[in-house]
Amino acid sequence: MQLFDSTEGIRSAVLENKKQGKTIGLVPTMGALHEGHLSLVRAARTCDVVIVSIFVNPRQFTNERDLKEYPRKLDGDLAILKGKCDLVFAPGINDIYGNSPVSSLDFGDLGSRLEGEFRPGHFNGVGLIVAKLFNIILPDYAYFGLKDLQQYLLIKQLVKDLSFPIKIIGCTTIREESGLAMSSRNLKLSEKGIAVASKIFEGLNIVKEGFDSGESIDNCRKRAAKYYERINGLEIEYLEFASEDLTILNDLNGAKEISVCIAAYVEGVRLIDNLYLRQ
Ligand code: PAF
């Protein structure tokens with residue numbers, strides 16, 4: 033496994049591999065790696081060369097404190113990745129933003145709902161870094177977790193709109209035994225916080241039970257509210273039902289796919305999750 037901290041370095045390694053006709057799979061991350069990231073790395077193994085990028089992207093944080101406190105564990109991450117991927121790209125801030133880019137990406141309705149509503153500017157930052165990584169690394173495939181469903185859909189849109197010759201692969205959310213979706217942010221929770229956070233997925237399953245037994249979206253929403261209001265230490269930011277293009281649903285409206293998406297705070301840590309009710 034080779035580590036690169038500069039754009040030039042990773043680019044020439046990529047070009048060398050491409051010259052030999054090898055396919056490149058990219059797993060973009062912000063580090064503090066866990067089993068969820070490793071599942072993306074495993075999925076990428078169908079490519080000849082697997083590259084993991086590690087960069088805590090300041091442009092996608094909407095809160096200074098959140099950025100400052102985001103877990104950074106480069107040495108541990110490299111130890112975890114050893115033998116599992118081929119190249120790691122861990123650039124410094126100047127390498128990525130030294131030229132102070134001013135371009136911004138507007139994802140229209142898709143970017144302004146759910147996460148976009150509560151974290152204005154977040155997806156602009158995600159779009160910018162992902163587009164940069166795509167141009168630096170020139171992958172054939174890129175892998176994203178479906179825990180960040182909106183991010184995944186938005187990156188697919190980005191690839192389509194900007195004609196990137198890249199296939200985006202969405203990978204199933206990996207969960208703790210308790211059902212808690214794996215996230216680097218879980219590291220900031222106490223043991224008690226983890227127990228509370230695990231109720232998030234339990235609540236989504238309770239919604240699914242109602243949905244499967246034919247309840248309306250309105251009733252499913254009430255069912256969720258009733259369940260979550262009993263959980264001390266859990267503060268729901270939003271719970272929405274959404275169609276395949278993440279249009280918010282108040283009734284079934286002929287939607288092909290339906291997911292329930294949630295954002296919640298536990299011990300001041302913001303967590304998101306989702307569950308397909310119909311796929
Ligand atoms: O999902 C993440 O970890 C980040 O949003 C990403 C895609 C690596 C961009 O910084």
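Residue numbers (this note's numbering): 33 to 311.
C-beta atoms are modelled at their ideal positions from N, C-alpha and C, and glycine is treated no differently.
The model shown is predicted, which means the values in this text are computed figures rather than measured ones.
Next item on the list: Could you tell me the distance, in whole angstroms, from the CA atom of Gly-265 to the CA atom of Leu-35?
Entry: In the sequence shown, residue 265 corresponds to position 233, counting from 1. In the sequence shown, residue 35 corresponds to position 3, counting from 1. Each residue's Cα considered, the two are about 41 Å apart.
Item checked: Paired residues, beta bridge with Ser-85 - DSSP -> Position 53 of the sequence shown, counted from the first residue, corresponds to residue 85. Ser-85 is bridged to Pro-60 and Phe-121.
Notebook entry, point to check: Excluding sequence positions up to five away, which residues of its chain have a Cβ less than 7 Å from the Cβ of Cys-79?
Noted result: Within the sequence shown, residue 79 is the residue found at index 47, counting from 1. Excluding positions up to five away in sequence, the list reads Thr-55, Ile-56, Gly-57, Asp-172 and Tyr-173.
Next item on the list: Answer with buried or exposed for Arg-97, where buried requires no fewer than 16 other C-beta atoms within 10 angstroms of its C-beta.
Entry: Taking the first residue of the sequence shown as 1, we reach residue 97 at position 65. Exposed, since its Cβ has fewer than 16 Cβ neighbours within 10 Å.
Next item on the list: Tell me whether Pro-60 counts as near ligand 1, meaning its Cβ is closer than 7 Å to at least one heavy atom of that ligand.
Entry: In the sequence shown, residue 60 corresponds to position 28, counting from 1. Yes; taking the cut-off as 7 Å, the Cβ of Pro-60 has a heavy atom of ligand 1 nearer than that.
Next item on the list: Using a threshold of 8 Å, state whether the C-beta atoms of Gly-242 and Arg-255 are closer than that.
Entry: On the sequence shown, position 210 is the one that residue 242 refers to. On the sequence shown, position 223 is the one that residue 255 refers to. The answer is yes: Cβ separation under 8 Å.
Check: Within 10 angstroms of its Cβ, does Ser-135 collect 16 or more other Cβ (buried), or is it exposed?
Finding: Locating residue 135 in the sequence shown gives position 103, where the first residue counts as 1. So Ser-135 ends up on the exposed side.
Note to self: I'd like the span of the beta strand (DSSP E) that includes Arg-310, first residue to last.
What the structure shows: The residue labelled residue 310 in the question sits at position 278 within the sequence shown. Here the beta strand (DSSP E) through Arg-310 covers 301 to 310.
Item checked: Straight-line Cα distance separating Val-298 from Val-228 -> If you number the sequence shown from 1, residue 228 lands on position 196. If you number the sequence shown from 1, residue 298 lands on position 266. Distance between the alpha carbons of Val-228 and Val-298 is about 7 Å.
Item checked: Ile-83: CB within 7 Å of a non-hydrogen atom of ligand 1 -> As a position in the sequence shown, residue 83 is number 51, starting the count at 1. Ile-83: no, Cβ never under 7 Å from ligand 1.
Next item on the list: Go ahead and pull the three-state DSSP assignment for Val-46.
Entry: Start at 1 with the first residue of the sequence shown, and residue 46 comes out as number 14. Correct three-state label for Val-46: helix.
Notebook entry, point to check: Distance, Cα to Cα, Leu-146 vs Ser-291?
Noted result: Locating residue 146 in the sequence shown gives position 114, counting from the first residue. Locating residue 291 in the sequence shown gives position 259, counting from the first residue. One C-alpha to the other measures close to 12 Å.
Notebook entry, point to check: Ser-216 by DSSP, collapsed to three states: which one?
Noted result: Walking along the sequence shown from the start, residue 216 turns up at place 184. Looking at Ser-216 - three-state DSSP - the assignment turns out to be helix.
Next item on the list: Check whether the Cβ of Ile-161 lies closer than 7 Å to any heavy atom of ligand 1, and answer yes or no.
Entry: Start at 1 with the first residue of the sequence shown, and residue 161 comes out as number 129. Yes, the beta carbon of Ile-161 sits closer than 7 Å to at least one heavy atom of ligand 1.
Margin query: Is the separation between the beta-carbon of Ile-200 and that of Lys-188 shorter than 8 Å?
Written below: For the purposes of this step, residue 200 is taken as the residue at position 168 of the sequence shown. For the purposes of this step, residue 188 is taken as the residue at position 156 of the sequence shown. Contact: yes.
Notebook entry, point to check: Taking C-alpha atoms, which residue in Glu-247, Gly-235, Ser-44 and Tyr-175 lies nearest to Leu-307?
Noted result: On the sequence shown, residue 307 is found 275 positions in, with the first residue counted as 1. Looking at the Cα atoms, Gly-235 is the closest of the given residues.
Checklist line | Buried versus exposed call for Gln-311 [16 or more other C-beta atoms within 10 Å across all chains shown] | finding: As a working mapping, residue 311 is identified with position 279 in the sequence shown. It counts as exposed.
Next item on the list: Enumerate, from N- to C-terminal direction, the unbroken beta strand (DSSP E) stretches of 3 or more residues contained entirely within the stretch 139 to 188.
Entry: 173 to 177
Notebook entry, point to check: How about Asn-89 and Met-62: are their beta carbons less than 8 Å apart?
Noted result: Counted from its first residue, the sequence shown places residue 89 at position 57. Counted from its first residue, the sequence shown places residue 62 at position 30. Result yes, Cβ atoms of Asn-89 and Met-62 sit closer than 8 Å.
Margin query: Taking the beta strand (DSSP E) that Tyr-270 belongs to, which residues open and close that run?
Written below: Mapped onto the sequence shown, residue 270 falls at position 238. Looking at the DSSP string, the run of the beta strand (DSSP E) that includes Tyr-270 is 266 to 274.
Note to self: Using the three-state DSSP reduction, which class does Ala-75 fall into: helix, strand or coil?
What the structure shows: Here the question's residue 75 lines up with position 43 in the sequence shown. Of the three classes helix, strand and coil, the one that applies to Ala-75 here is helix, per DSSP.
Notebook entry, point to check: So which of Lys-51, Cys-293 and Lys-179 has the shortest CA-CA distance to Thr-205?
Noted result: As a first step, residue 205 must be located in the sequence shown, where it is residue number 173. Of Lys-51, Cys-293 and Lys-179, the residue nearest in Cα terms is Lys-179.
Check: Between which two residues does the alpha helix (DSSP H) containing Ile-240 stretch?
Finding: Here residue 240 corresponds to residue number 208 of the sequence shown, with the count starting at 1. Reading off the sequence, residue 240 comes out as Lys, not Ile. Element bounds for Lys-240: 223 to 244.
Next item on the list: Take every Cβ of the stretch 269 to 287, pair it with every Cβ of the stretch 151 to 167, and state whether three or more of those distances are shorter than 8 Å.
Entry: no
Margin query: Can you give me the C-alpha to C-alpha distance between Met-197 and Leu-190, rounded to a whole angstrom?
Written below: Within the sequence shown, the letter at position 165 stands for residue 197. Within the sequence shown, the letter at position 158 stands for residue 190. For the record, residue 197 in the displayed sequence is Pro; it is not Met. Distance between the alpha carbons of Pro-197 and Leu-190: 11 Å.
Check: Does at least one heavy atom of ligand 1 sit under 7 Å from the Cβ of Val-158?
Finding: By one-based count along the sequence shown, residue 158 stands at place 126. Flag set: Cβ of Val-158 near ligand 1.
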